[in-house]
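Chemist: Here it is, the structure, as structure tokens.
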Amino acid sequence: MTTSHAGPGATRTVLLVEDHADSRAMYAEFLRLDFHVVEAGDGVAALELMAETRPDVVVTDLALPRMDGFELIERIRGDERLRLVPVIALSGYSGTEHAERARQAGSDLVLVKPCLPETLAQAVASASIRRKDT
């Protein structure tokens, strides 16, 4: 797990959960322009990070080692402290099955990978604005 430096004026934190190092680096680099980015390589590490800090938005791949993104989303939704944090799921599958399963788990949005970093950044910006504080 790593913390990325943010651009000037970044006040919102994004937790980026992606096991593929190149994809994680690419998305983190782009998101850093506007957000403080915290990175995790799997769902277990993500939950450990969220025990310490509450992100404004979670972006998670669905196919992760140790704990997949579906379970991670369910655990976020089941945690009273985190349940309102927006979650954007990234799926490597273009079929509707994974997207529907992610929505049932509680994701707010599902994007199919590879997605443009600009698309992800726009989705994160929209989600962080809509976030409801508890």
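To convert, take the position in the sequence shown, counting from 1, and add 1218; that gives our numbering. Quick reminder that beta carbons are idealized off the backbone N, C-alpha and C, glycines included.
DSSP three-state call for Thr1229: helix, strand or coil?
Modeler: Coil at Thr1229, not helix or strand.
Chemist: Compute the distance between the beta-carbons of Arg1272 and Arg1299, then report whether it is under 8 Å.
Modeler: Yes.
Chemist: Under a Cβ-count criterion, where at least 16 other Cβ atoms within 10 Å of its own Cβ denotes burial, should Leu1233 be classed as buried or exposed?
Modeler: Under this definition Leu1233 is a buried residue.
Chemist: To the nearest angstrom, report how far apart Ser1309 and Ala1281 are at their CA atoms.
Modeler: When rounded, the distance between both Cα atoms is 7 Å.
Chemist: Can you tell me the Cα-Cα spacing of Leu1329 and Ala1307, whole angstroms?
Modeler: Looking at the two C-alpha atoms, the distance is approximately 6 Å.
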